[in-house]
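**Q** Structure in structure tokens, see below.
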Amino acid sequence: MSEWLVLALAMAAACAVVLAATLLSHRRREARALPGDDDDSDATPDVLEYMTMMVGVVYAIVLGLAIAGVWEARSTAQDDVRREAQALYEVTQRAEVFPPDIQTELRKDIDRYVSHVVHTEWPLMTSGDELPDRGAQLLDTVRSDVAQHEPSNELEAQAYQPMLDQISIADDARNAREQNAGATLPGVVWFGLIIGALVTVGLIFTMHIGRSFRELLLAGLFSALIAFLLFLVWDFDAPFGRSGSDSADAFRQLFSAAR
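For the sequence shown, position 97 (counting from the first letter as 1) is numbered 115 according to the working numbering, and the numbering increases by one without interruption.
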């Protein structure tokens, strides 16, 4: 299911529930009202207004911190991907000083690794599954291609150690990518976000709204906003996305085997 469809359904459902509950509550209050009763029963006590404001402010702070946290984790994960792809690309460029047969073998092994990462590992990461050992084995093959070749001239000697360093950087970035593939927020945080949303939206009904189209519109927009922000947290909580391998663009830009 498309992320945009999920968002549209969530916002529509939130609006529908709040509007239906508001209209039902307003009609029940009208049915209980006695004829000729001049008491302003729709007046909201000041303490309820204060509590509603404070709960809204606290929940806004918590929700903002959650969004900032998942955004930072997503940015860190994307930086690791770019670091891994760039390190492997540097290896292919520095290999130009090696003999043609070494260049061909090294680039073939790097393309094999990149293809495995994008076409095999990425779908597993987006679905939350554990990565197989095949990727680490392919990267070890790339390291062996460089380590087992003895430099035969000054140019090769100058490129030899930097190439091994770049492979080590790629290996470190790969480990970080594997560790960051899971969800960022623990379940207890999600419990607090959902309960907080229900409480915040539920406090709408203490304000005795529903007497005008403007109040109904604001109630619907407020509930849709809460649904959108929760969707934003849910979407960013997956560092490598939920709708495919778009986050692997760093590999596609540098390696034809990843396209």
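Backbone N, C-alpha and C define an ideal beta-carbon position, used for all residues, glycine too. Please read all numbers here as calculations on a predicted model, not as lab measurements.
Using a Cβ-Cβ cut-off of 6 Å (strictly less than) and excluding sequence neighbours within five positions of Ala-91, which residues of its own chain qualify?
**A** Thr-202 and Pro-257
**Q** On the three-state DSSP scale, how would you describe Glu-108?
**A** helix
**Q** Helix, strand or coil for Asp-267, going by three-state DSSP, please let me know.
**A** helix
**Q** Kindly provide the ranges of any alpha helix (DSSP H) runs that are 4 or more residues long and lie completely inside the region 65-137, ordered along the chain.
**A** Assignment of alpha helix (DSSP H) within the region 65-137, counting only whole runs of 4 or more residues, yields 118-134 in chain order.
**Q** Consult DSSP for Asn-193 and reduce its assignment to one of helix, strand or coil.
**A** Taken through DSSP and simplified to helix, strand or coil, Asn-193 comes out as helix.
**Q** So, for Asp-56: in the same chain, excluding its five sequence neighbours on each side, which residues have a beta-carbon less than 7 Å away from its beta-carbon?
**A** Its pLDDT being 46, under 50, Asp-56 is placed unreliably in this model, and the value from its coordinates should be taken loosely. Result list for Asp-56: empty, nothing under 7 Å.
**Q** Under 8 Å, with one C-beta from each stretch per pair, do the region 32-45 and the region 232-252 reach the 3-pair mark?
**A** yes
**Q** If I measure Cβ to Cβ from Arg-101 and keep anything under 6 Å in the same chain, skipping five residues before and after, which residues do I get?
**A** Ala-191
**Q** With burial defined as no fewer than 16 other Cβ atoms inside 10 Å of the residue's Cβ, what is the status of Trp-252: buried or exposed?
**A** buried
**Q** Any idea if Gln-184 is buried or exposed, counting beta-carbon neighbours within 10 angstroms, 16 or more meaning buried?
**A** Under this definition Gln-184 is a buried residue.
**Q** Drop a sphere of 10 angstroms on the beta-carbon of Trp-22, count the other beta-carbons inside from all chains shown, and report buried for 16 or more, exposed for fewer.
**A** exposed
**Q** For Leu-157, count neighbouring Cβ atoms within 10 angstroms of its own Cβ and tell me buried if that reaches 16, exposed if not.
**A** buried
**Q** For His-137, is the classification buried or exposed, using 16 other Cβ atoms within 10 angstroms of its Cβ as the cut-off for buried?
**A** exposed
**Q** Starting from Pro-141, trace the alpha helix (DSSP H) in both directions and tell me its first and last residue.
**A** 140-145
**Q** Count the other C-beta atoms from every protein chain shown that fall within 10 angstroms of the C-beta of Asp-58, then say buried if there are 16 or more, exposed otherwise.
**A** Model confidence at Asp-58 stands at a pLDDT of 48, short of 50, so the residue's coordinates are unreliable; what they give is reported in the following sentence. Classification of Asp-58: exposed, given that the 10 Å Cβ count is below 16.
**Q** Decide if Gly-238 is buried, meaning its Cβ has at least 16 other Cβ atoms within 10 Å, or exposed.
**A** buried
**Q** Quick check: what's the CA-CA separation for Phe-273 versus Asp-129?
**A** 7 Å
**Q** Does the Cβ-Cβ distance between Val-217 and Val-73 come in under 8 Å?
**A** yes
**Q** Measuring straight from C-alpha to C-alpha, what distance separates Arg-232 and Pro-204?
**A** One C-alpha to the other measures close to 38 Å.
**Q** Inspect the beta-carbon positions of Leu-182 and Val-160 and report whether they are closer than 8 Å.
**A** Cβ distance not < 8 Å, so Leu-182 and Val-160 don't count as in contact.
**Q** Ignore the nearest five residues each way along the sequence and tell me which others in Ala-268's own chain have a CB closer than 6 Å to its CB.
**A** Val-99, Arg-100 and Ala-103
**Q** Check whether the Cβ atoms of Trp-89 and Phe-254 sit closer than 8 Å, and answer yes or no.
**A** yes
**Q** Cα separation between Ala-105 and Phe-116?
**A** 18 Å
**Q** Which residues mark the beginning and the end of the alpha helix (DSSP H) in which Phe-15 is found?
**A** Only positions 19 to 277 of the chain appear in the structure, and residue 15 is not among them; the question remains open.
**Q** Report all residues from its chain with a CB closer than 7 Å to the CB of Val-207; omit the five preceding and five following residues, and keep chain order.
**A** Correct list, in chain order: Ala-84.
**Q** Using the three-state DSSP reduction, which class does Pro-150 fall into: helix, strand or coil?
**A** coil
**Q** Does DSSP put Pro-204 in a helix, a strand or coil?
**A** Coil at Pro-204, not helix or strand.
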